[in-house]
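As structure tokens, the structure follows; a few thoughts come after it.
2 protein chains.
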Amino acid sequence: MKIRILKNDLNESIQHVSKAISSRTTIPILTGIKLEVNFQGVILTASDTDISIQAFIPAEDDKKTIVQVERPGSVVLPAKFFVEIIKKLPSQEIEMEVKDGFQTFIRSGSTDIQLVGLDPEEFPVLPSIEEDQVISIPGDLLRNMIKQTVFSISTQETTPILTGVLWNLSDSLFKFVATDRHRLASRTAPLEDADNVKFSNIVISGKTLNELSKIIPDQNTRVDIVVADNQVLFKIDRVLFYSRILDGTYPDTSKIIPTNYKTELVLDTKKLSESIDRAYLLSREEKTNIVRLQTLEDGTIEISSSSSELGKVTEQLEVAEFNGDPLRISFNSKYMLDVLKVVESEQLHIGFTGPMSPIIVKPVDESRSLYLILPYRTTN
Amino acid sequence: MKIRILKNDLNESIQHVSKAISSRTTIPILTGIKLEVNFQGVILTASDTDISIQAFIPAEDDKKTIVQVERPGSVVLPAKFFVEIIKKLPSQEIEMEVKDGFQTFIRSGSTDIQLVGLDPEEFPVLPSIEEDQVISIPGDLLRNMIKQTVFSISTQETTPILTGVLWNLSDSLFKFVATDRHRLASRTAPLEDADNVKFSNIVISGKTLNELSKIIPDQNTRVDIVVADNQVLFKIDRVLFYSRILDGTYPDTSKIIPTNYKTELVLDTKKLSESIDRAYLLSREEKTNIVRLQTLEDGTIEISSSSSELGKVTEQLEVAEFNGDPLRISFNSKYMLDVLKVVESEQLHIGFTGPMSPIIVKPVDESRSLYLILPYRTTN
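So the protein lines, in turn, are chains A and B. Going by the numbering used here, 300 is the number at position 300 of the first sequence; the sequence numbering is gapless. Going by the numbering used here, 11 is the number at position 11 of the second sequence; the sequence numbering is gapless.
Pasting the structure below:
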């Protein structure tokens, strides 16, 4: 293998695939990035067995030469050092040559690097995926759906299925659900040209979805998603992102979501967020994060928290609408703040069915998001 | 105590004094900030016994009312929560009232806070300092002198005196020295109006100097420094910063600095820094950080590092000047990068007296800074 390649293009692709490198892997070949060169360009691959990412650098793009291929070939190079050194090379032009025993020579300006390469034959082969079930979704919508659900996944490895986000697609409606048994987030979006695709119980690791989010560019990009038996493949421009589907059956959460309420509030999102944040500051010192919400006789609400050592915070808040019974309820303020951070609507609808029943938060201007928080049982 | 105070002014002073709060203190009263109100304004004080910081908020500034004092008094409030909550209060106006048993009420907009205050009589009294030895120095110069020396202090608590920066002043020349026995940094500056002040062996904790740096504003400020028996007091605008002087005698470092060289180089700072940074990336993987510098026959130099597992980086670098004998020397590249980060000169002079003798780095355009790095003994 012998090529000349432009630094920025190589660096961009390395940054993409390096997201699949795990610092904790015990398999030596997986600490590396595989480079495969043919006359079409360079393919970079990295994998931690759960995620695999592949990026293609074309030899030519828009009539600009990016890679000059003198001799095709392939090698696996140590990721951690390779990722750091390429971006720091002194010249825009990089020469790479693989010699006997995968010894790799990298030259740029007056920098000479000699790297111990590994045999690319040892690198795991990526799964071949049947492209039967394919959907296409705008990149920013996918990123949003991830952001608005993934914070509710469980971090407990004892229930691995809950560390993922549940995906369902039927009747062209794509739905994400995440829950850690104390709270739940769900987000749906209608898809175009998805009439003939249908799947259920596809669960993707939340950690994987966070990594995926970082790769989706800010500009107008579409992401193609191929759903197969135990893998999902995301196609983003010239990047292929493979993720394992989590094993197991996701619990049925449809029955825990109440559909009618005893008390309903409509509130300003920002003001509620600031009030709860102040009450949270105190409750955090108690390590409980418990904040109390209670309706007052004058039609406003009171948000409060207290700490035996420090004191007490009391916030009075106006509501835009208030229907139903008076209420006094306690909840984990951190969970509520997590919801308020990702909600884009200026106003929120909060529904309650009693002090021991789930709290339901929805943006008022759309019906595609729903957040559930279980209250705390408190004695007073 | 009962006052109305403007949020931004209170917050700014809290941020200053909070730098003296240690999260590891075992003395309950020192987890708090003391507020003292009289008709001139509010004095805030915090202390971890090594550092004490006091900030004054005047009742009126430039004819603008900052504090309306209804009733003087004082209280100690829990710092961690107080620091966070004040900046998040909803209104620019804050009302504070201390009632029986130091119960403190804070009101702002529709937020009500009740805090358990502590008895201000329990708060340690700040040292009274004789103002015999006073010097005045531009804030940005002091910040620079700290930045250019403090990185060389020792982090080992086994030699406490070396965790500080040594100060000497004689003949109006102010000198900072820091060393961890493997490297040394020194910086001098001439002072105005300091003919009658003279001190030596004043050692101030590097950690303290870093905190002090954060308080010195960017604008044109002068800092007055009062040096007393076992304390140094810094006066910065309306902030008083007290620091303990470290006990012990600082080692004499004057003899280890060579004055003539066998090999001398003049190099471009940025290019040297980038070359060493690339070599460092590889040596870091070996956990040694060892980089080799060697003069070549064509008048250039070679910077290189190698790792048995990964390979080797070789950099060729042009020099502006080269005098003396050929040389081959190894050193800790992290130490060299630390120096190159704080040097402001575009070109550097590096002097060598042999492969086992100290390396001396100086900026070419001024003689006020000097850096010393001990080489590594290597077998090849």
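A virtual CB, placed ideally from N, CA and C, is assigned to each residue, including glycine. The structure displayed is predicted, hence computed values, not measured ones.
- When secondary structure is reduced to three states using DSSP, G139 of chain A falls in the helix class.
- According to DSSP, residue pairing for S186 of chain A in a beta bridge involves A:V177, A:L370.
- Here D298 of chain A is exposed: its Cβ has fewer than 16 other Cβ atoms, across all protein chains shown, within 10 Å.
- If you draw a straight line from the Cα of N196 of chain A to the Cα of N332 of chain A, it is about 42 Å long.
- The beta-carbon of G324 of chain B is placed no less than 8 Å from the nearest beta-carbon of chain A.
- Restricting attention to alpha helix (DSSP H) runs no shorter than 4 residues, the stretch 182 to 229 of chain A encloses them at 206 to 215, ordered along the chain.
- Between L265 of chain A and the set A:Q347, A:T163, A:Q156, A:L212, the nearest pair of CA atoms involves A:Q347.
- Residue range 51 to 58 is occupied by the beta strand (DSSP E) that includes A55 of chain B.
- Out of B:P160, B:Q103, B:R181, B:S47, the CA that lies nearest to the CA of I257 of chain B is found in B:R181.
- The criterion of a C-beta distance shorter than 8 Å is satisfied by Y335 of chain B and I373 of chain B.
- In the three-state reduction of the DSSP assignment, D112 of chain A falls in the strand class, which pools E and B.
- Counting along the chain, the unbroken alpha helix (DSSP H) around R284 of chain A starts and ends at 269 to 285.
- Closer than 8 Å to the CB of K87 of chain B there is not a single CB belonging to chain A.
- The bridge partners DSSP lists for F331 of chain B are B:V291.
- Your pair I66 of chain B and A59 of chain B checks out as a contact, with CB atoms roughly 6 Å apart and the cut at 8 Å.
- Separation of K87 of chain A and D193 of chain A (C-alpha to C-alpha, rounded to the nearest whole angstrom) is 41 Å.
- Looking only at B:S306, B:S108, B:V239, B:G351, the smallest Cα-Cα distance to D325 of chain B is reached by B:G351.
- Nearest neighbour of Q68 of chain A by Cα position, chosen from A:E122, A:K19, A:M1, A:I161, turns out to be A:M1.
- Cα atoms of Y242 of chain B and K214 of chain B: separation of roughly 15 Å, rounded to the nearest angstrom.
- Counting along the chain, the unbroken alpha helix (DSSP H) around V17 of chain B starts and ends at 7 to 17.
- Looking at the DSSP output, V69 of chain B sits in a beta bridge with B:I3.
- For A79 of chain A, the enclosing alpha helix (DSSP H) stretches over residues 79 to 87.
- In this model, I14 of chain B and V75 of chain A are separated by some 57 Å (Cα to Cα).
- Following the DSSP letters along the chain, one finds E93 of chain A inside the beta strand (DSSP E) bounded by residues 93 to 98.
- For I57 of chain A against D9 of chain A, the beta-carbon gap comes to about 5 Å, under 8 Å, which counts as contact.
- With fewer than 16 other Cβ atoms inside 10 Å of its own Cβ, A320 of chain A counts as exposed.
- In this structure, G164 of chain B lies away from I146 of chain B, with their beta-carbon atoms at least 8 Å apart.
- Closest in alpha carbon position to H16 of chain A, among A:L30, A:P28, A:Q54, is A:Q54.
- Relative to A20 of chain A, the option among A:R328, A:K287, A:L240 whose CA is nearest is A:L240.
- Boundaries of the beta strand (DSSP E) harbouring I43 of chain B: 41 to 47, taken from the DSSP string.
- In the displayed model, V165 of chain B falls within a strand according to three-state DSSP.
- Using a C-beta cut-off of 8 Å, the stretch 225 to 240 of chain A makes contact with the stretch 115 to 131 of chain A, since at least three inter-stretch Cβ pairs fall below that distance.
- Of all residues in the stretch 110 to 123 of chain A, the ones placed with a Cβ closer than 7 Å to any Cβ belonging to chain B are S110, T111, D112, I113, Q114, L115, V116, in chain order.
- Beta-bridge analysis with DSSP links I106 of chain B to B:M96, B:I113.
- Listed along chain B are S110, each with a C-beta nearer than 7 Å to that of Q316 of chain A.
- For T269 of chain B against S345 of chain B, the beta-carbon gap comes to about 6 Å, under 8 Å, which counts as contact.
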